[in-house]
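**Student:** Adding 25 to a residue's 1-based position in the sequence shown gives its number in the numbering used here.
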Amino acid sequence: MSIADVIQKRRTIRQFNERKLTTDTILQILYVAVWAPNHGLREPWRFICAAELEAKELLADRIVRALEEMNRYKWLPGKIKDMYKKKMIQIPAILFVIVKEERGKLKREEDFAAACALIQNLQLCAWEREIGMVWSIDETLCANQIFCDKIGMRKEERIAGMLYMGYYDHIPKAKKRTPAERKMTWL
């Protein structure tokens with residue numbers, strides 16, 4: 026399969042089957058993904074992953090506790106919290122791509138862009154192995170300092186992506202893309 030095929034056929038996958046996604050496989054695709062371009066070879070990323078059952082249970086508990094700290098989620102019924110936890114635990118792996126927040130605006134933007142390039146590399150490499158994912162930057166969690174502290178983020182870091190990863194049985198149909206020439210301005 027050509028790189029163009031991988032790019033055009035990749036889809037966001039929201040439904041995963043029960044096949045286990047091993048830590049070795051996650052590391053193998055990350056090994057390729059870290060070849061993303063990054064200014065000054067700063068490699069501004071690091072990763073936090075929950076792939077084993079105990080880790081996913083702990084992560085699900087931390088997510089629900091962090092949400093409970095927010096006024097709009099404070100009074101969620103127990104059944105909804107349990108349903109949310111169960112859904113999180115069923116995801117084969119949850120990977121956080123963490124990026125260092127430099128003080129200078131330009132470096133901060135360069136590093137975030139580099140982390141996004143890494144995530145795209147990760148998605149394409151995973152797709153080639155028939156692993157799908159959802160790339161999320163859920164503000165409810167990613168901007169929640171309580172949650173970020175609970176998963177071990179440092180004060181000078183932010184989440185570039187919360188990736189739900191796993192094997193799939195069904196590929197969603199492609200959605201139409203706007204042709205590049207309709208977005209082009211030639212000088």
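Every residue gets a Cβ at the ideal spot worked out from N, C-alpha and C, and that includes glycine.
Nothing here was measured: the structure is a model prediction, and the numbers come from that model.
Please work out which residues of its chain come closer than 7 angstroms, Cβ to Cβ, to K125, disregarding the five sequence neighbours upstream and downstream, and give them in chain order.
**Tutor:** The residue given as residue 125 occupies position 100 in the sequence shown. Once the five neighbours on either side are set aside, the close Cβ partners of K125 are P69, D136, E181 and E182.
**Student:** Checking 8 angstroms against the spacing of the C-beta atoms, do C74 and L120 come in under that value?
**Tutor:** Along the sequence shown, read from residue 1 onward, the residue named residue 74 stands at position 49. Along the sequence shown, read from residue 1 onward, the residue named residue 120 stands at position 95. Cβ distance < 8 angstroms, so C74 and L120 count as in contact.
**Student:** Determine the direct distance from the alpha carbon of I38 to that of A138, and round the result to whole angstroms.
**Tutor:** As a working mapping, residue 138 is identified with position 113 in the sequence shown. As a working mapping, residue 38 is identified with position 13 in the sequence shown. If I take the Cα positions, the gap works out to 23 angstroms.
**Student:** Identify whether L46 lies in helix, strand or coil by the three-state DSSP scheme.
**Tutor:** By one-based count along the sequence shown, residue 46 stands at place 21. It is coil, neither helix nor strand.
**Student:** Taking the C-alpha atoms as reference points, what is the distance between E94 and K106?
**Tutor:** Residue mapping note: residue 94 aligns to position 69 of the sequence shown, counting from 1. Residue mapping note: residue 106 aligns to position 81 of the sequence shown, counting from 1. The alpha-carbon atoms of E94 and K106 are separated by roughly 13 angstroms.
**Student:** Could you tell me which of A91, K132, E43 and A29 sits nearest to L66, measuring between CA atoms?
**Tutor:** What you label residue 66 is simply residue 41 of the sequence shown in a count that begins at 1. The option with the nearest alpha carbon to L66 is K132.
**Student:** Would you call the region 155 to 162 in contact with the region 78 to 88, where contact means no fewer than 3 C-beta pairs closer than 8 angstroms?
**Tutor:** Because the criterion of three Cβ pairs below 8 angstroms is not met, the region 155 to 162 and the region 78 to 88 do not touch.
**Student:** Please state whether DSSP places G177 in a helix, a strand or coil.
**Tutor:** The residue given as residue 177 occupies position 152 in the sequence shown. It is coil, neither helix nor strand.
**Student:** For the alpha helix (DSSP H) containing W152, list its first residue and its last residue.
**Tutor:** Taking the first residue of the sequence shown as position 1, residue 152 is located at position 127. First-last of the alpha helix (DSSP H) with W152: K130 to E153.
**Student:** Provide the residue(s) that pair with T37 in DSSP beta bridges, ordered along the chain.
**Tutor:** Translated into positions along the sequence shown, residue 37 becomes position 12. Paired residues: M158.
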